[in-house]
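Residues in the sequence shown are numbered from 0 upward in steps of one, following numbering that gives the first Met the number 0.
Read the structure below first, then the notes.
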Amino acid sequence: MGGNYEGTSHNLGQFEAGDVLHVSFWFSARESKPIVVGMGRTSFEDRWVLSGTDWTAADLTLRCAQAGNHNIWLSQEGSATEFFLDDFRFEVLRRPQLGTAPEAERATLTGGALRLTLCSKTGALAGMENTTTGEVYAPVGDRQPLFGLELLTADGRGYETVPFTEARLTKLEAAKDRARLEFEIPSVATTVVVTVAMHADGSASFTGTVRNGSQRTITAFELPMIYSVCPAADPAKLTLVHPYVCGQIQPDPIKAGGFRTLYPGRAVMGWMDLSGERGGVYLATHDRASLGTRLLAQPAPGPSFDLSLAKEIVVRPGETWECPEAVLAVHEGDWHASADRYREWARGWMKPPDLPEWIRRADGWVLMGVQNGIPFRHIPDVYRQAEWMGIDYLHVQGQGIDNMWFDEQGNRQSHTMTYLYPSPKYGTPEELKAAVRTIHQRGGHVMFYFVYERWTPSHSVSDDFGTGKRAEVPAPYLPPPVGFYTDNALVESPGTQPPTEHPFMAERMMCLGSPGWQEWMRHWAIDVYAKEYGADGFYWDVMGRGGPDRCFNQRHNHAGQNEWAAGCAKVLETVTREG
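See below:
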């Protein structure tokens, strides 16, 4: 397969844009090493890194962004990995074709420039118009799905998608600017109520109630599903703006394939915009709790686009869940109208953190890497260079045990993971404290660094930490027993457990929704670095753009919750308050 990837591949077949490919299998990787799975046409259009102990179930889904022949690759990553596969299963959920709603079965809702059409017989969306620009954004009369469900399989080891076609409309109450739709889904004994409220500013709010009468857990609710949208006379003139990483503008999104990501984390905001020559569409989650949300905007036949929002949730048998508000709107002009709308909503409730004045006025920082061979006692020398540039903020990283370092011959050495205790290779904690005091005496500030969600259980069982040994770490600062990992690990797949094999420096992910891991982060930032070493701040790398990941670790009471963002927010609030 080229590069560091070696493994096996399999042709899945020819599929159309919008088809959903569902693959499940069992795997066993020696020493709990990870395997890499990719699906797509000629390259990985989505990629998963899987690990587990003994035989572990894998359950993966890809929505086809483009028509074409699709493949799956199963391989190692970087280093040689021996793995075995069994019980490979493949299913296809074709993009829904719901037919046309006769005029007598159409209900129209209007709010400002937005006009929506519903099918009064099925509850499907059946058209979207921008009355200000005079454009039809989704064909009037063409039925499209309104919502979708996802449940755990009966054995609890995978997911099952329940399409809108299995929902039966039992009651519709519709007025000019509002509709309430009640559905039954007999196949999973679940009822869904959707409310659509139109507003004078050209928007519509969607909320929902899900009552789980089945014996399985509901794990996702998709609402709204805005399918077959094309706010352009010429589809080649479409522009898609979405919040992946730092935000992206796709000037030819049909060719580019659109996007699919998760908020908050990899997506830095909860909105998207699809615009054409004269106007466009805004779709956003207006959820103050920041539940894990799947954002999707991918090409569909027409050519057109399918847009949707899906909440990752846990609704157990017998429970009822209320879906936070999602907002659909139309506008004139380009994507800036949507950016303004989202900004206005966010500023209406988000409170800025109470930060010290020095960081508010900071023009930047100077970053130094201790691992490049700089002893703790020389940190003030680097700060003097920052002073020369007019900077009073020094960012220090590489201070912990087991980071990258250079040996006496100048060769780069490294271990995968870092432990937070100051590395004996570069000095003592007393020398680190003295360096911070010196910088404070000169009116400066020091912030230290760590990667926020990674751990290696080998810290609990090995005497080798890399640039330091276990014997060099005082007892109060030693890593906790291996059960700390088991209790707080991120378990991403249903029906699985944290790996019990712990190869040297094996990298593992921890759950930000686990109280134990939150306390670990707080303890080192506040109790050790701030109170003992005098640090002015702590920098958790990629914390704002990692995740969000759902977790199935029952040891901290997770059954699929996506509390990643809430956990990050709790840690930041606590550390800011106590620091």
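Idealized CB from N, CA, C, for every residue including glycine.
These numbers were taken from a predicted model, which means no experiment stands behind them.
Helix, strand or coil: which one does DSSP assign to Ala-564?
Ala-564 falls in the helix class under three-state DSSP.
How many angstroms separate the CA atom of Phe-483 from the CA atom of Glu-518?
Taking the straight line from one Cα to the other gives about 12 angstroms.
Report the three-state DSSP secondary structure of Val-314 (helix, strand or coil).
In the structure shown, Val-314 sits in a strand (DSSP, three-state: E or B).
Mind checking whether Pro-423 and Gly-467 have CB atoms under 8 angstroms apart?
Against a cut-off of 8 angstroms, the Cβ pair of Gly-467 and Pro-423 comes out as a contact.
Give the secondary structure of Trp-357 by DSSP, where H, G and I count as helix, E and B as strand, and everything else as coil.
In the structure shown, Trp-357 sits in a helix (DSSP, three-state: H, G or I).
Under DSSP, the alpha helix (DSSP H) around Asp-615 begins and ends at which residues?
For the chain, the structure presents residues 0 to 578; residue 615 sits outside this window and is missing.
Taking contact to mean at least 3 C-beta pairs separated by less than 8 angstroms, is the segment 520-536 in contact with the segment 173-187?
Verdict: no, contact absent.
Should the segment 307-315 be called in touch with the segment 220-227, which here means at least 3 C-beta pairs below 8 angstroms?
Cβ pair count under 8 angstroms is three or more, so yes.
Could you tell me which residues DSSP puts in a beta bridge with Gly-368?
Gly-368 is bridged to Gln-396.
Spatial neighbours of Met-0 within its chain, please: C-beta separation below 8 angstroms, excluding the five flanking residues on both sides.
Per-residue confidence for Met-0 stands at a pLDDT of 32, beneath the threshold of 50, marking its modelled position as unreliable; the derived number appears in the next sentence. Around Met-0: Gly-6, Ser-8, Trp-72 and Ser-74.
Give me the Cα-Cα distance between Pro-33 and Arg-507, rounded to the nearest whole angstrom.
One C-alpha to the other measures close to 10 angstroms.
Give a yes or no on whether the C-beta atoms belonging to Ala-188 and Gly-212 are separated by under 8 angstroms.
Their beta carbons are under 8 angstroms apart, which means Ala-188 touches Gly-212 by this criterion.
Helix or strand or just coil, what does DSSP make of Ser-274?
Three-state result, Ser-274: strand.
Note down, in chain order, each residue of its chain lying with its Cβ closer than 6 angstroms to the Cβ of Tyr-448, except the 5 sequence neighbours on either side.
The answer, listed in chain order, is Gln-396 and Tyr-538.
Please state if the CB of Tyr-243 and the CB of Phe-258 are separated by a distance shorter than 8 angstroms.
Yes, they are a contact pair.
By Cβ distance below 6 angstroms, which residues in the same chain neighbour Ile-378 in space, the five residues on each side in sequence not counted?
Excluding sequence neighbours, Ile-378 sits near Ala-434.
Looking only at its own chain, which residues have a Cβ that is under 6 angstroms from the Cβ of Gly-559, when we skip the five neighbours before and after it?
Within the same chain, Gly-559 has close Cβ partners Thr-218, Val-313, Arg-549 and Phe-551.
For Pro-298, which of helix, strand or coil comes out of DSSP?
Note: Pro-298 maps to strand in three-state DSSP.
Using 10 angstroms around the beta-carbon of His-439, count the other beta-carbons present and answer buried if the total reaches 16, otherwise exposed.
Answer is exposed; the Cβ neighbour count stays below 16.
When the Cα atoms are used, what is the spatial distance from Ser-42 to Val-22?
Roughly 17 angstroms between the two C-alpha positions.
What's the C-alpha gap between Ala-361 and Trp-387?
When rounded, the distance between both Cα atoms is 15 angstroms.
Using alpha carbons as the reference points, say which of Gly-332, Pro-547 and Leu-237 lies closest to Ala-565.
Taking only the C-alpha atoms, the option nearest Ala-565 is Pro-547.
Alpha carbon to alpha carbon, how far is Gly-347 from Arg-376?
Roughly 47 angstroms between the two C-alpha positions.
With burial defined as no fewer than 16 other Cβ atoms inside 10 Å of the residue's Cβ, what is the status of Leu-59: buried or exposed?
With 16 or more Cβ atoms within 10 Å of its Cβ, Leu-59 is classed as buried.
Is Gln-412 helix, strand or coil when you go by DSSP?
Strand.
Evaluate Pro-473 with the Cβ neighbour count: other Cβ atoms within 10 Å of its Cβ, from every protein chain shown; 16 or more gives buried, anything less gives exposed.
Exposed.
Decide if Glu-15 is buried, meaning its Cβ has at least 16 other Cβ atoms within 10 Å, or exposed.
Glu-15 comes out exposed.
With a threshold of 6 angstroms on Cβ separation, who are the neighbours of Pro-351 within its own chain once the five nearest residues in sequence on each side are excluded?
Taken in chain order, the list of residues that qualify is empty.
Taking Cβ to Cβ, would you say Thr-208 is nearer than 8 angstroms to Arg-315?
Result no, Cβ atoms of Thr-208 and Arg-315 do not sit closer than 8 angstroms.
Judging by CA-CA distance, which residue of Tyr-158, Lys-175, Ser-303 and Gly-533 is the nearest neighbour of Asn-238?
For clarity, residue 238 is Thr in the given sequence; the question names Asn instead. Considering only alpha carbons, the answer is Ser-303.
By the 10 Å Cβ neighbour count, where 16 or more other Cβ atoms means buried, how is Ala-232 classified, buried or exposed?
Looking at its Cβ environment, which holds fewer than 16 other Cβ atoms inside 10 Å, Ala-232 is exposed.
Which whole-angstrom value describes the C-beta separation of Asp-286 and Glu-324, a residue pair presumed to lie in contact below a C-beta threshold of 8 angstroms?
Contact holds; Cβ gap of about 7 angstroms.
Any idea what DSSP makes of Ser-459, helix, strand or coil?
Residue state, collapsed to three classes: helix.
Flag this pair as yes or no: are the beta carbons of Pro-478 and Tyr-418 separated by less than 8 angstroms?
Going by C-beta atoms, Pro-478 is nearer than 8 angstroms to Tyr-418.
Tell me the residue span of the beta strand (DSSP E) that contains His-198.
Here the beta strand (DSSP E) through His-198 covers 189-198.
Based on DSSP bridge pairs, tell me the residues matched to Gln-247.
BP columns for Gln-247 point to His-241.
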